[in-house]
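Novice: Dropping the structure in here first, questions after.
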Amino acid sequence: MATRVATVFSLFPNPIKTPLPQSSLLNLNFLISKPVFTSISKFCLPISSFKSYNVSASKEYNRLSCSCFSTATTSTNYEFSDGSSEVELRLPLGSQDYESGKDIFVDADGTSLIVRVKRSGSFTTLIQTNYLFDKIKPAETIWYIDDDQLVINLKKQVPELKWPDIVESWESLTAGAMQLLKGTSIYIVGDSTEINQKVARELAVGLGYTPLDTQELLETYTKQTIDSWVFAEGSDSVAEAESAILESLSSHVRAVISTLGRKKGAAGRSDRWRHLYAGFTVWLSQTEATADEGSAKEEARRHVQDGSLAYSKADVVVKVQGWNDDHAKSVAQASLSALKQLILPDKKLPGKKSLYIRLGCRGDWPNIKPPGWNPSAEGDATA
24 MATRVATVFS LFPNPIKTPL PQSSLLNLNF LISKPVFTSI SKFCLPISSF
74 KSYNVSASKE YNRLSCSCFS TATTSTNYEF SDGSSEVELR LPLGSQDYES
124 GKDIFVDADG TSLIVRVKRS GSFTTLIQTN YLFDKIKPAE TIWYIDDDQL
174 VINLKKQVPE LKWPDIVESW ESLTAGAMQL LKGTSIYIVG DSTEINQKVA
224 RELAVGLGYT PLDTQELLET YTKQTIDSWV FAEGSDSVAE AESAILESLS
274 SHVRAVISTL GRKKGAAGRS DRWRHLYAGF TVWLSQTEAT ADEGSAKEEA
324 RRHVQDGSLA YSKADVVVKV QGWNDDHAKS VAQASLSALK QLILPDKKLP
374 GKKSLYIRLG CRGDWPNIKP PGWNPSAEGD ATA
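Okay, here's the thing in structure tokens:
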């Protein structure tokens, strides 16, 4: 069965109309909502393999709805360079002499680029992508011919963001993630331990992070399987032990930690999230919705607004329909896409995670209290 994934992520900025990336198998549609300051709102971005479907999640906030029907990126060989405030793309034109501007068509909007040239009476596409690495200022796009190359200068919306490539892909995401994550660890949570593990490994390899697996750590220490442990002592005992592991890992940086699924572990319990907040959390959620747009949208909205599942505390939610090990990288790419859009509007988020750790992971995320704050004075801070 093909794997379909959809991403939901929390943000703090104003609405942003930005489509996220695709591979040749991915299609995207998404809806962005504007949150109020006092709470974390949920945003949804679906990514489907082979077929697209919408998933949306919003509370009572104003909404900006965007639909992006993706097409595969096509391009010839090109040269790319990143400057301080703009990126430069050089495309080979060949030996044909282009004296008239009518023979060249360059169309750039905030997130896409199409370049076509007229050859032998018909237009040939040199590059077409709906997913530039980040947003540009289309009104300031400049192009000119330099010998046998077409040179296109694109002005970046975020000058300080370094672009590893012109398009957003697995390679450019992993190369560019370090400047955004700043070493902050990533926790993979969800009901399937196996899926958590496989996606965590893909992320760790791509980012150059250390892969850590709480199931492996617990089984190595206790010299018994998780299933036998649950049978002998119950899932509460396992969750308590995993909480201790997460506490010890909360001070680690540059790690991707996969956690226990099937609600046997700490992440499936609302009162065990104190130390998960130390990193960016990605919830891999297996959806019961079909490819029907309405049912997928309703499921995401229900899960986010209801908040009854402990996993709904996660920074990023990736919904998966079916599972195939070959699609672990697609799910990992969807996770990085959403994390990128989570951090870009608020680049202080990694530093805020670091501050949360230094103050003792007291459970006061995202509204970190001053030093000396005692969570017991206000009841259960993690409830």
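Residue numbers (the working numbering): 24 to 406.
Quick reminder that beta carbons are idealized off the backbone N, C-alpha and C, glycines included.
Only a predicted model underlies this, so the values are computations on that prediction, with no experimental measurement involved.
(1) My output table needs one value for Ser192: the three-state DSSP class, helix, strand or coil.
(2) When the Cα atoms are used, what is the spatial distance from Ile249 to Pro234?
(3) Let me know the secondary structure DSSP gives Phe156 once reduced to three states.
(4) Suppose you measure from the CA of Asp157 to the CA of Ser108; what does that come to, to the nearest Å?
(5) CB-CB under 6 Å to Gln356, same chain, minus the five flanking residues each way: which ones, in chain order?
(6) Compare the Cα-Cα distances from Gln202 to each of Asn390, Arg385, Leu367, Lys392 and report the closest residue.
(7) Can you tell me the Cβ-Cβ gap for Val110 and Lys160, rounded? I've got them flagged as a contact below 8 Å.
(8) Roughly how many whole angstroms lie between the Cα atoms of Lys246 and Ala255?
(9) Need the endpoints of the beta strand (DSSP E) that Lys221 sits in, please.
(10) Write down the C-beta distance between Arg295 and Ser266 rounded to the nearest angstrom, noting that I regard them as a contact closer than 8 Å.
(11) Using only the alpha-carbon positions, how far apart do Thr94 and Thr152 sit?
(12) Note the first and the last residue of the continuous alpha helix (DSSP H) segment covering Val261.
(13) Quick one: Cα of Pro44 to Cα of Gly257, how far?
(14) Using a 10 Å radius around the Cβ and a threshold of 16 neighbouring Cβ atoms, would you call Gly213 buried or exposed?
(15) Could you work out which residue in Pro398, Lys286, Arg385, Lys370 is closest to Lys205 when comparing CA atoms only?
(16) Identify the continuous beta strand (DSSP E) that holds Gln172 and give its terminal residues.
(17) Contact between the stretch 215-222 and the stretch 272-283: three or more CB pairs below 8 Å?
(18) Please classify Thr243: is it buried, with 16 or more other beta-carbons within 10 angstroms of its beta-carbon, or exposed?
(19) Just checking my contact of Gln172 with Leu116 at CB under 8 Å: how many whole Å lie between their CB atoms?
(20) In angstroms with no decimal places, state the Cα-to-Cα distance between Arg325 and Ala301.
(21) Where Gln344 and His298 are concerned, what is the direct C-alpha to C-alpha distance, given to the nearest angstrom?
(22) By the DSSP assignment, the beta strand (DSSP E) with Ala162 in it spans what residues?
(23) Please classify Ala162 as buried or exposed, where buried requires at least 16 other C-beta atoms within 10 Å of its C-beta.
(24) What does a CB cutoff of less than 7 Å around Tyr167 pick up in its chain, not counting 5 residues either side in sequence?
(25) Using the rule of at least 16 other Cβ atoms within 10 Å of the residue's Cβ for burial, across every protein chain shown, is Gly383 buried or exposed?
(26) With a threshold of 8 Å on Cβ separation, who are the neighbours of Asp236 within its own chain once the five nearest residues in sequence on each side are excluded?
(27) Could I get the ranges of all uninterrupted alpha helix (DSSP H) runs contained in the stretch 277-361, with 4 residues as the minimum, in chain order?
(28) Are the CB atoms of Leu230 and Ala262 within a distance shorter than 8 Å?
(29) So, at 7 Å on beta carbons, what are the nonlocal neighbours of Asp348 in its own chain, with the 5 sequence-adjacent residues on each side left out?
(30) Does the distance from the C-beta atom of Asp126 to that of Val138 stay below 8 Å?
(31) Under DSSP, the alpha helix (DSSP H) around Ser377 begins and ends at which residues?
Specialist: Put simply:
(1) For the purposes of this step, residue 192 is taken as the residue at position 169 of the sequence shown. Correct three-state label for Ser192: coil.
(2) Looking up residue 249 in the sequence shown gives position 226. Looking up residue 234 in the sequence shown gives position 211. Using only the alpha carbons, I get a separation of about 19 Å.
(3) Against the sequence shown, residue 156 aligns to sequence position 133. Coil, per DSSP.
(4) On the sequence shown, position 134 is the one that residue 157 refers to. On the sequence shown, position 85 is the one that residue 108 refers to. Near 12 Å, if we compare the C-alpha coordinates of Ser108 and Asp157.
(5) The residue given as residue 356 occupies position 333 in the sequence shown. These residues qualify, in order along the chain: Trp193.
(6) Translated into positions along the sequence shown, residue 202 becomes position 179. Ranking Asn390, Arg385, Leu367, Lys392 by Cα distance to Gln202 puts Leu367 first.
(7) Stepping through the sequence shown from its first residue, residue 110 is reached at position 87. Stepping through the sequence shown from its first residue, residue 160 is reached at position 137. Taking C-beta atoms under 8 Å as the contact rule, Val110 and Lys160 fail to qualify, at a distance of about 12 Å.
(8) As a position in the sequence shown, residue 246 is number 223, starting the count at 1. As a position in the sequence shown, residue 255 is number 232, starting the count at 1. When rounded, the separation of the alpha-carbon atoms in Lys246 and Ala255 is 13 Å.
(9) On the sequence shown, residue 221 is found 198 positions in, with the first residue counted as 1. Taken as a continuous stretch (DSSP letters only), Lys221 belongs to no beta strand (DSSP E), being part of the alpha helix (DSSP H) at 216-230.
(10) Position 272 of the sequence shown holds residue 295. Position 243 of the sequence shown holds residue 266. Right, the Cβ-Cβ distance comes to about 5 Å (below 8 Å), so this counts as a contact.
(11) Here residue 94 refers to the residue found at position 71 of the sequence shown. Here residue 152 refers to the residue found at position 129 of the sequence shown. Low confidence applies here, because Thr94 scores a pLDDT of 36, under 50, leaving its location unreliable and the question unanswered by this model.
(12) Residue numbering aside, residue 261 sits at position 238 when the sequence shown is read from its first letter. From DSSP, the alpha helix (DSSP H) with Val261 extends over 258-272.
(13) As a position in the sequence shown, residue 44 is number 21, starting the count at 1. As a position in the sequence shown, residue 257 is number 234, starting the count at 1. Residue placement at Pro44 cannot be trusted, given a pLDDT of 35 that sits under 50; the coordinates are not used to answer.
(14) Position 190 of the sequence shown, counting from 1, holds the residue named residue 213. Taking all protein chains shown into account, Gly213 has 16 or more neighbouring C-beta atoms within 10 Å of its C-beta and is therefore buried.
(15) Taking the sequence shown and counting its residues from 1, the one referred to as residue 205 is at position 182. Looking at the Cα atoms, Lys370 is the closest of the given residues.
(16) As a working note, residue 172 is residue 149 in the sequence shown. That run of the beta strand (DSSP E) goes 172-178.
(17) Counting Cβ pairs under 8 Å, three or more are found: they touch.
(18) Here residue 243 refers to the residue found at position 220 when the sequence shown is read from its first residue. That one is exposed.
(19) Residue 172 sits at position 149 when you count from the first residue of the sequence shown. Residue 116 sits at position 93 when you count from the first residue of the sequence shown. Taking C-beta atoms under 8 Å as the contact rule, Gln172 and Leu116 qualify, at a distance of about 6 Å.
(20) Here residue 325 refers to the residue found at position 302 of the sequence shown. Here residue 301 refers to the residue found at position 278 of the sequence shown. Cα-Cα distance, rounded: 26 Å.
(21) Within the sequence shown, the letter at position 321 stands for residue 344. Within the sequence shown, the letter at position 275 stands for residue 298. Take the alpha-carbon of Gln344 and the one of His298: they are about 29 Å apart.
(22) Looking up residue 162 in the sequence shown gives position 139. Bounds of any beta strand (DSSP E) do not take in Ala162, whose DSSP letter is neither H nor E.
(23) Along the sequence shown, one-based indexing puts residue 162 at 139. Label assigned to Ala162: exposed.
(24) Here residue 167 corresponds to residue number 144 of the sequence shown, with the count starting at 1. These residues qualify, in order along the chain: Val174.
(25) Counting from one through the sequence shown, the residue named residue 383 turns up at place 360. Exposed: under 16 other Cβ atoms inside 10 Å.
(26) By 1-based counting over the sequence shown, the position of residue 236 is 213. Excluding positions up to five away in sequence, the list reads Gln220, Ala223, Ile280, Ser281.
(27) Restricting attention to alpha helix (DSSP H) runs no shorter than 4 residues, the stretch 277-361 encloses them at 316-329, ordered along the chain.
(28) The sequence position of residue 262 within the sequence shown is 239, counting from 1. The sequence position of residue 230 within the sequence shown is 207, counting from 1. Against a cut-off of 8 Å, the Cβ pair of Leu230 and Ala262 comes out as no contact.
(29) Residue 348 sits at position 325 when you count from the first residue of the sequence shown. Same-chain partners within the cutoff: Lys221.
(30) Residue numbering aside, residue 126 sits at position 103 when the sequence shown is read from its first letter. Residue numbering aside, residue 138 sits at position 115 when the sequence shown is read from its first letter. No, they are not a contact pair.
(31) In the sequence shown, the residue the question calls residue 377 occupies position 354. For Ser377, the enclosing alpha helix (DSSP H) begins and ends at 372-381.
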